[in-house]
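If you want the numbering used here, it's the 1-based position in the sequence shown plus 84. Note that the Cβ used here is the ideal one computed from N, Cα and C, for glycine as well.
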Amino acid sequence: MTRLRVGFDVSSAVKDHGRGIAAYVRALLAALPQAAPEIDAVLYIRGRRWWRRRSVADLLEQQPRRWLLEPVLRPGRDLDAFHGLGVRLPALARVPRSFTLHDLRGLDAVEHTDPRWARIRSARLRETVHRADAIVCLNEFGRRRLRHHFPAFPGERTAVIPHGLDHARFRPLPAQQVAPVLARHALHRPYVLQLGRLDRHKNPETSLRAFATSAARSSGLLLVFAGGAEPGYQSALEALARQLGVHAHVRWLGAVPRDDVPALYATAAAVLVPSYYEGFGLPVLEAMACGAAGLVSSGTCLEELAGDVWPAADPAQPESFRRALDRLLLDSGRLDRARAGSLARAAAFTWERCARSTADFLAFSARLPAGTRAG
């Protein structure tokens, strides 16, 4: 097997408590030595984050670290390829450059996104795509949106490589592990759950409006939101809950300890994911691996991820979400099939598979002439 020396920009993981892209960086690189032993990794840290490199001291600790400080210090001649694990690529490199495209929210769903953030993010996306010789997408939905926004980028230089999943953490749990978590959060009644930060593009309003007229609410279930919120937004959501007459049936748990998350998924009557936009939708997979049934947004990458296991509904139509939720919860056979299907579907997503596919992609990328892609 031919060895491949690859520079990885790990700057996105240089933080004390990383989620999102930081978690992806850590999980992918941790799986790499076993899944792809031919990859010889060099870890690059960008700009001022170099001074906080101790936060990634445990990441492939035997592999070298280098400072990426443009234009003085940049990927060198001893590499076969360079891969950005975040949304950045160096302006210059002597080897082919590729990156993982986590989402296109700076260009899509901008009506649900802070305008300043969208401007900054979209400019960075355009710059990085322009510099790339090849791109990893997380799903076919993302590859289609890439083609929509950047039609000149050669399709044959893209690959779809989904995330993996920590199956040791996200799994069905015995009652004795679940009970203390439910007691700690005072969840003494069955509930439907939306878990994750309460941002506008996550669309908690549809969960509230759908729940307000659902059989779930009239049968005594709670609606539980677990996750922090952008400033002022939770107050607006609480006002909406009062307006809809469901305030007494809604629980706001705020940010919950990461160790509590599997138990919350495993005991939910259903998990709601009504996002207007997601890059991949890892919480859907996490909930599935815990044996949960749920409901996702149609017209997003979540439909692709959920397959035919969880139903999808229009996130802009609360009544559509309400009907889908009631069909799921009121049909015990449908609910049982969704839970069994969830476990089977989630089992196919592993970090070892992601790492092996990424190594194959990098071998392809290394054969490309650097900086000469068509278009």
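Exercise. Would you tell me roughly how many angstroms separate the C-alpha atoms of D283 and T242, rounded to the nearest one?
Key: 30 Å
Quiz prompt | Exposure label - S359; buried when at least 16 CB within 10 Å | solution = Around the C-beta of S359, 16 or more other C-beta atoms lie within 10 Å, and the residue is accordingly described as buried.
Quiz prompt | In DSSP terms, what F405 is bridged to | solution = Paired residues: none, contrary to the question.
Quiz item: By DSSP, does F309 sit in helix, in strand, or in coil?
Solution: In the structure shown, the three-state DSSP call for F309 is strand.
Self-check item: Terminal residues of the beta strand (DSSP E) in which Q261 lies
Solution: Not the beta strand (DSSP E): Q261 falls in the alpha helix (DSSP H), residues 259-268.
Practice problem: Could you check which residue in L88, G248, D124 has the C-alpha nearest to that of A111? | Solution: G248
Self-check item: Proximity below 8 Å, CB of V42 to CB of R429
Solution: A query on residue 42 cannot be resolved here, the shown segment of the chain reaching from 85 to 459 and no further.
Quiz prompt | Other residues of its chain near A469: CB distance less than 7 Å, five sequence neighbours each side excluded | solution = Shown here, the chain extends from 85 to 459; a query on residue 469 therefore has no answer.
Exercise. Assess, as a yes-or-no matter, whether the region 208-221 is touched by the region 166-186 under the definition of 3 or more beta carbon pairs within less than 8 Å.
Key: With the cut-off at 8 Å, the region 166-186 and the region 208-221 touch.
Quiz prompt | Per-residue DSSP class, three states only, for C374 | solution = It is coil, neither helix nor strand.
Quiz item: Which one of M372, P199, L191, L209 has the shortest CA to CA distance from T184?
Solution: L209
Self-check item: A193 versus Q278 - alpha carbon distance
Solution: 20 Å
Practice problem: Just mark M85 as buried or exposed, buried being the case when its beta carbon has 16 or more other beta carbons within 10 Å. | Solution: exposed
Exercise. Any chance you could list the alpha helix (DSSP H) runs of at least 4 consecutive residues sitting entirely within the region 170-216, in chain order?
Key: 199-215
Quiz item: For the beta strand (DSSP E) that contains D124, what are its first and last residues?
Solution: 123-130
Exercise. Could you spell out the range, first to last residue, of the alpha helix (DSSP H) harbouring T290?
Key: 288-296
Self-check item: DSSP state of T484 mapped onto helix, strand, coil
Solution: This structure does not reach residue 484, given that the chain is present from 85 up to 459, and the question cannot be answered.
Quiz item: Taking Cβ positions, are V94 and L169 nearer each other than 8 Å?
Solution: Yes.
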